[in-house]
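Notes follow the structure.
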Amino acid sequence: NAGVTQTPKFQVLKTGQSMTLQCAQDMNHNSMYWYRQDPGMGLRLIYYSASEGTTDKGEVPNGYNVSRLNKREFSLRLESAAPSQTSVYFCASSDVRTTDTQYFGPGTRLTVL
Amino acid sequence: AQSVTQLDSQVPVFEEAPVELRCNYSSSVSVYLFWYVQYPNQGLQLLLKYLSGSTLVKGINGFEAEFNKSQTSFHLRKPSVHISDTAEYFCAVSERAGYSTLTFGKGTMLLVSP
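If you're matching them up, the sequences are chains A and B in order. So for the first sequence, the numbering used here puts the first residue at 3; every next one is plus one. So for the second sequence, the numbering used here puts the first residue at 129; every next one is plus one.
Structure (structure tokens):
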């Protein structure tokens, strides 16, 4: 089992460019999440998908969109990147219950110039 | 809404010494509590979680945490740390009511030196 995979690992964008971060899990989990991690800020939830076919905003959704493509895949799109979106992005998955452990991918380090 | 405060951003400690990483939470309802660890250049992984029952929870790698409802705390402890415990530790909370996402603290960097 690969667990949670993310592509790409690194990306450099110019302001205004767009890109999609990909996430896939092979654990048959119902719920998937996108977080951003910034120094001294911990992890902040961008969007989540409690189950296939649903998506909801988290704490910091502005400037992002998501797609739950199927049960395995959950992508994060930056339509017009800004320097404030320079961050490390983590995808995670869990089963549907709040008590379930979240499993994290290795992260994507994004720099917006 | 819930919130988490990790009182120390960095904790330096010598190898084989005991350590305590502090976490306090705020919520209007009952909560579940978690500690996650992040090793350099990796994603997070679960150390332990408190769901119900005994307030002393044991996790992986010799870590344990105690839930104190009256002080709204969930401090993480290890009696003797190793160099390999150097990592960032995150406390997180979710509410018991319905479906709730995790809210993370800002993290505590544990620096273990020989």
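Quick reminder that beta carbons are idealized off the backbone N, C-alpha and C, glycines included. Treat the numbers as computed from the prediction; the structure is a model and nothing was measured.
For G44 (chain A), the enclosing beta strand (DSSP E) starts and ends at 44-51. The alpha carbon of K197 (chain B) has as its nearest neighbour, out of B:L174, B:R150, B:V159, the alpha carbon of B:V159. Per DSSP, N72 (chain A) lies in no beta strand (DSSP E) and is assigned neither H nor E. For F12 (chain A), the closest of A:Y105, A:G55, A:L23 by C-alpha to C-alpha distance is A:L23. Against chain B, the CB of L15 (chain A) has no partner CB under 8 Å away; the residue lies outside that interface. Along the length of the region 162-215 of chain B, whole beta strand (DSSP E) runs at least 3 residues long occupy 172-178, 184-186, 192-196, 201-206, reported in chain order. Within the DSSP secondary-structure output, L239 (chain B) pairs in a beta bridge with B:P140. DSSP links D58 (chain A) through a beta bridge to A:Y50.
DSSP places S96 (chain A) in the strand class (E or B) of the three-state scheme.
From the listed residues A:S96, A:A83, A:G109, the smallest Cα separation to S20 (chain A) is found for A:A83. Here G44 (chain A) is buried. Its C-beta has 16 or more other C-beta atoms within 10 Å.
DSSP, reduced to helix, strand and coil, places Q130 (chain B) outside both helices and strands of the structure shown, so it counts as coil. The region 81-100 of chain A makes no contact with the region 189-209 of chain B: fewer than 3 CB pairs, one atom from each, lie closer than 8 Å. Using a Cβ-Cβ cut-off of 8 Å, L184 (chain B) does not count as an interface residue toward chain A, since no Cβ of chain A sits closer than that to its own. Chain-ordered, the chain B residues with CB closer than 9 Å to the CB of Y50 (chain A) read T229. For P10 (chain A), the closest Cβ of chain B is not nearer than 8 Å. With contact defined as three or more Cβ pairs closer than 8 Å, the region 174-188 of chain B and the region 230-237 of chain B are not in contact. Under the criterion of beta carbons closer than 8 Å, L47 (chain A) and V114 (chain A) do not qualify as touching, at roughly 20 Å. Contact between Q87 (chain A) and G65 (chain A) holds: their C-beta atoms lie close to 6 Å from each other, under 8 Å.
Under DSSP, M29 (chain A) forms no beta bridge with any residue.
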